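Novice:
There are 2 protein chains.
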Amino acid sequence: MPEAASPSSRRPPRARYRELTLREIKDLAWEQVAEGGGAALSLNSIARRMGLTGPALYRYFANRDALLTELVREGYRGLAEAVDAAVPGAGEADPELRLRAFVHALWTWSAEMPHRYLLLFGAPVPGYAAPEDTFEQAFRPMAVLFDVLAELPPGPAETRAVSGGPLRDQLAGWVDARGGEPLPPEVALRAVRCWARLHGLISLALVGQFTATGVDPEEVLRVELDALLAGH
Amino acid sequence: MPEAASPSSRRPPRARYRELTLREIKDLAWEQVAEGGGAALSLNSIARRMGLTGPALYRYFANRDALLTELVREGYRGLAEAVDAAVPGAGEADPELRLRAFVHALWTWSAEMPHRYLLLFGAPVPGYAAPEDTFEQAFRPMAVLFDVLAELPPGPAETRAVSGGPLRDQLAGWVDARGGEPLPPEVALRAVRCWARLHGLISLALVGQFTATGVDPEEVLRVELDALLAGH
DNA sequence: TTACGTTCGTTATAGCCTGTAACCAAAGAA
DNA sequence: TTCTTTGGTTACAGGCTATAACGAACGTAA
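Protein chains in written order, with the UniProt record's numbering: chain C, 1 to 232; chain V, 1 to 232.
#1: Roughly how many whole angstroms lie between the Cα atoms of alanine 227 (chain V) and glycine 54 (chain C)?
#2: Apart from the five residues on each side of it in sequence, which residues of its chain come closer than 7 Å, Cβ to Cβ, to leucine 183 (chain V)?
#3: Short of 8 Å in beta carbon distance, which residues of its chain neighbour phenylalanine 139 (chain C), apart from the five on each side in sequence? Order them along the chain.
#4: Is the number of C-beta pairs between the segment 192 to 212 of chain V and the segment 101 to 121 of chain V that are closer than 8 Å three or more?
#5: Check the C-beta distance from leucine 57 (chain C) over to leucine 43 (chain C) and give it rounded, since I have them as a contact under 8 Å.
#6: Within 7 Å of any Cβ in chain V, is that where the Cβ of glutamate 219 (chain C) sits?
#7: Using a Cβ-Cβ distance under 7 Å, would serine 203 (chain C) count as near chain V?
#8: How do the segment 214 to 225 of chain V and the segment 92 to 110 of chain V stand: do at least 3 beta-carbon pairs fall below 8 Å, yes or no?
#9: Are leucine 41 (chain C) and alanine 29 (chain C) touching if we call contact CB-CB under 7 Å?
#10: Distance check for histidine 232 (chain C) and glutamate 219 (chain C), CA to CA, integer angstroms please.
#11: What three-state label does DSSP hand arginine 178 (chain V) in the structure shown?
#12: Within the continuous alpha helix (DSSP H) that includes phenylalanine 146 (chain C), where are the two ends?
#13: Give the secondary structure of leucine 106 (chain V) by DSSP, where H, G and I count as helix, E and B as strand, and everything else as coil.
#14: Could you tell me which of V:Val144, V:Thr134, V:Cys194, V:Asp169 sits nearest to glycine 155 (chain V), measuring between CA atoms?
#15: Name the chain C residues that come within less than 8 Å of histidine 199 (chain V), Cβ to Cβ?
#16: Rounded to a whole number of angstroms, what is the C-alpha to C-alpha distance between leucine 167 (chain C) and alanine 191 (chain V)?
#17: For the ligand ATP, I want to know if proline 141 (chain C) counts as a neighbour, meaning its beta carbon is within less than 6 Å of at least one of the ligand's heavy atoms.
#18: Skipping 5 residues on each side, what residues in its chain have a beta carbon closer than 8 Å to that of glycine 214 (chain C)?
#19: Check for me: the alpha helix (DSSP H) holding residue 292 (chain V) runs from which residue to which?
#20: Are the C-beta of tryptophan 174 (chain C) and some C-beta of chain V separated by less than 7 Å?
#21: Counting contacts by CB-CB distance shorter than 7 Å, is valine 87 (chain C) in contact with chain V?
#22: Should alanine 39 (chain V) go down as buried or exposed, given a rule of 16 or more other Cβ atoms within 10 Å for buried?
#23: Expressed to the nearest angstrom, what Euclidean distance is found between the alpha-carbon atoms of aspartate 84 (chain V) and arginine 73 (chain C)?
#24: Provide the residue span of the alpha helix (DSSP H) that contains arginine 23 (chain C), from first to last.
#25: So is leucine 167 (chain V) in contact with chain C if we call contact Cβ pairs under 7 Å?
#26: Which of the three DSSP states, helix, strand or coil, is assigned to asparagine 44 (chain V)?
#27: For glycine 214 (chain C), name the three-state secondary structure that DSSP assigns.
#28: Below 9 Å on C-beta distance, what does proline 153 (chain C) contact in chain V?
#29: Is the shortest distance between the beta-carbon of alanine 227 (chain V) and the beta-carbons of chain C less than 7 Å?
#30: Helix, strand or coil: which one does DSSP assign to residue 236 (chain C)?
#31: Quick one: does threonine 213 (chain V) have its CB under 7 Å from some CB of chain C?
#32: In angstroms, rounded to a whole number, what distance separates the CA positions of alanine 188 (chain C) and alanine 86 (chain V)?
#33: By the 10 Å Cβ neighbour count, where 16 or more other Cβ atoms means buried, how is proline 114 (chain C) classified, buried or exposed?
#34: Can you say whether alanine 130 (chain C) is buried or exposed, counting buried as having 16 or more other CB atoms within 10 angstroms of its CB?
#35: Taking the alpha helix (DSSP H) that tyrosine 76 (chain C) belongs to, which residues open and close that run?
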């Protein structure tokens, strides 16, 4: 068995060819997603663009959903890599800067590839249910957020919210179901708030709810982030 | 011309019949949307459920998008009515209570009819562009939010954010493009923040991003709302 | 009452899609 | 050189949108 070194080199030609066509299919699929969203994906039209007939693609993907799943997987991977690359390590910058880098990375990633963002976090494609393991992938950016926020002192809003009510236990259950290092629930709460605020503004912006208003959503995001950093 | 009193009574039978079938089509359409989202809408299958053949429905709607547009219109109308009904008038309750009523109304509405919420505020159905006037409808709940928040003293976060930078003018331009009574930009900003936080949590919840965590998004919403009411 | 236009349904058809079945050619391995 | 696996083909079933051509029934008006 070849060591699976670099993807499509140093491999028996058959396997090499297969990888190349798989790549070509997925590239064209991303194009379609970029143009019309996940529901616009069509195996037939991809095949046509490749100079093949429709059924040929069923040698590579069991069905449309399988291709979609692969795209979702790649999407999560790409997002995680983008975030990892953009956020400086724990020792390289102060936590506030790291947080701003995180937010900025997610913002620009979604702005540059809106349909990709919507594919991962938007309305589910009808009839399609993402497999379990994609959720795991989805957690990678959140883990970065945990890591960054753990360095900041918890704000009064979080400490108060966690002191009473059901949230404390829910958050605790979540973080240690995730394994890894223990994390105070205040930090987890702040991460959720950060994520939700960011997602809210991103998705409203992507759908175009801001265009008619003349308000720059990124400015609003700045306000929200400042408030969060101030501990509220 | 009949006075268009109650929709389908006191009308020539032909028109009456037409209204009834229109209603039946839209009801079945809502059923389909409830089951599979906007993209699952199929004129053909609606016709079948009505005991008709596909092309018959083209006497009632020019095409699939026309039906979808009608649903979007009805959706916005229904949401606006739900909000209007749930939020007490300016004299009937203190502003904080009114705001909580607003948030609760939107939350429950989206929870009860998730696909309807996603149809209005989620990813656009591929190939479909909502007509201009639906955006106007979309503003009605926001107007209520304006009305409620205008009664509350502006918080430090908003006053600071509006004192410098481009946000002040953007918000001002927005509110008086909307006409109606003049509104300080701080209030508009708080409305946007409230809306975005709410939308973020709602859409994450609807897509199921919270299910795996065990965290109750409504609790997080409470935290976010408290912070906003505290002026942050 | 009869004649006529409008409305609402039908069937037929074109063109897209997903997905399966049956078949065939070429590539690699034994 | 044979024989299996792989990757393509065509044919087909069934779904969808949408248009065209046609017919029946409704309601009106002579």
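We treat Cβ as the ideally placed atom computed from N, Cα and C, and that holds for glycine. As the structure is a prediction and not an experimental result, all values here were calculated from the model.
Specialist: Let's see:
#1: For the purposes of this step, residue 227 (chain V) is taken as the residue at position 227 of the second sequence. For the purposes of this step, residue 54 (chain C) is taken as the residue at position 54 of the first sequence. Rounded to whole angstroms, alanine 227 (chain V) to glycine 54 (chain C) spans 54 Å at the Cα level.
#2: Your numbering for residue 183 (chain V) matches position 183 in the second sequence. Excluding sequence neighbours, leucine 183 (chain V) sits near Phe146, Ala150, Val175.
#3: Mapped onto the first sequence, residue 139 (chain C) falls at position 139. Arg178, listed in sequence order.
#4: yes
#5: For the purposes of this step, residue 57 (chain C) is identified with residue 57 of the first sequence, where counting begins at 1. For the purposes of this step, residue 43 (chain C) is identified with residue 43 of the first sequence, where counting begins at 1. Their Cβ separation, rounded to whole angstroms, is 5 Å, which keeps leucine 57 (chain C) and leucine 43 (chain C) in contact under 8 Å.
#6: The sequence position of residue 219 (chain C) within the first sequence is 219, counting from 1. Interface residue, yes.
#7: Translated into positions along the first sequence, residue 203 (chain C) becomes position 203. Yes, serine 203 (chain C) counts as interfacial toward chain V.
#8: yes
#9: Within the first sequence, numbered from 1, the residue matching residue 41 (chain C) stands at position 41. Within the first sequence, numbered from 1, the residue matching residue 29 (chain C) stands at position 29. Going by C-beta atoms, leucine 41 (chain C) is nearer than 7 Å to alanine 29 (chain C).
#10: Numbered from its first residue, the first sequence carries residue 219 (chain C) at position 219. Numbered from its first residue, the first sequence carries residue 232 (chain C) at position 232. Their backbone Cα atoms lie some 18 Å apart in a straight line.
#11: In the second sequence, counting from the first residue as 1, residue 178 (chain V) sits at position 178. Coil at arginine 178 (chain V), not helix or strand.
#12: Reading the first sequence from its first residue, position 146 is the one you call residue 146 (chain C). Segment 132 to 149, the alpha helix (DSSP H) holding phenylalanine 146 (chain C).
#13: Start at 1 with the first residue of the second sequence, and residue 106 (chain V) comes out as number 106. The answer is helix: DSSP assigns leucine 106 (chain V) an H, G or I state.
#14: Locating residue 155 (chain V) in the second sequence gives position 155, counting from the first residue. The residue with the shortest Cα to Cα distance from glycine 155 (chain V) is V:Cys194.
#15: By 1-based counting over the second sequence, the position of residue 199 (chain V) is 199. Those within 8 Å of histidine 199 (chain V) in chain C are Gly200, Ser203, Leu204.
#16: Reading the first sequence from its first residue, position 167 is the one you call residue 167 (chain C). Reading the second sequence from its first residue, position 191 is the one you call residue 191 (chain V). Leucine 167 (chain C) and alanine 191 (chain V): Cα-Cα distance of roughly 26 Å.
#17: This structure lacks the ligand ATP, and indeed carries no ligand of any kind.
#18: Taking the first sequence and counting its residues from 1, one reaches residue 214 (chain C) at position 214. Same-chain partners within the cutoff: there are none.
#19: The displayed coordinates of chain V run from 1 to 232. Any statement about residue 292 (chain V) would go beyond what the structure contains.
#20: The residue given as residue 174 (chain C) occupies position 174 in the first sequence. Closer than 7 Å: yes.
#21: Counting from one through the first sequence, the residue named residue 87 (chain C) turns up at place 87. Valine 87 (chain C) does not count as touching chain V.
#22: One-based indexing of the second sequence puts residue 39 (chain V) at position 39. Classification for alanine 39 (chain V): buried.
#23: Locating residue 84 (chain V) in the second sequence gives position 84, counting from the first residue. Locating residue 73 (chain C) in the first sequence gives position 73, counting from the first residue. Between aspartate 84 (chain V) and arginine 73 (chain C), the C-alpha separation is close to 42 Å.
#24: Taking the first residue of the first sequence as 1, we reach residue 23 (chain C) at position 23. Run containing arginine 23 (chain C): 13 to 36, per the alpha helix (DSSP H) assignment.
#25: The count along the second sequence starts at 1 and reaches residue 167 (chain V) at position 167. Chain C, which has a Cβ nearer than 7 Å to the Cβ of leucine 167 (chain V), makes this yes.
#26: In the second sequence, counting from the first residue as 1, residue 44 (chain V) sits at position 44. Three-state DSSP puts asparagine 44 (chain V) in a helix.
#27: Here residue 214 (chain C) is taken as the residue at index 214 of the first sequence, counted from 1. In this structure, glycine 214 (chain C) counts as coil in the three-state DSSP scheme.
#28: Within the first sequence, the letter at position 153 stands for residue 153 (chain C). Result: empty, since nearest Cβ-Cβ is about 16 Å, beyond 9 Å.
#29: Taking the second sequence and counting its residues from 1, one reaches residue 227 (chain V) at position 227. Interface residue, yes.
#30: As shown, chain C starts at 1 and ends at 232. That puts residue 236 (chain C) outside it, with no answer to give.
#31: On the second sequence, position 213 is the one that residue 213 (chain V) refers to. So, interface residue.
#32: In the first sequence, the residue the question calls residue 188 (chain C) occupies position 188. In the second sequence, the residue the question calls residue 86 (chain V) occupies position 86. Near 33 Å, if we compare the C-alpha coordinates of alanine 86 (chain V) and alanine 188 (chain C).
#33: In the first sequence, residue 114 (chain C) corresponds to position 114, counting from 1. Label assigned to proline 114 (chain C): buried.
#34: In the first sequence, residue 130 (chain C) corresponds to position 130, counting from 1. Alanine 130 (chain C) is buried by the Cβ-count criterion.
#35: Translated into positions along the first sequence, residue 76 (chain C) becomes position 76. Per DSSP, tyrosine 76 (chain C) belongs to the alpha helix (DSSP H) from 64 to 86.
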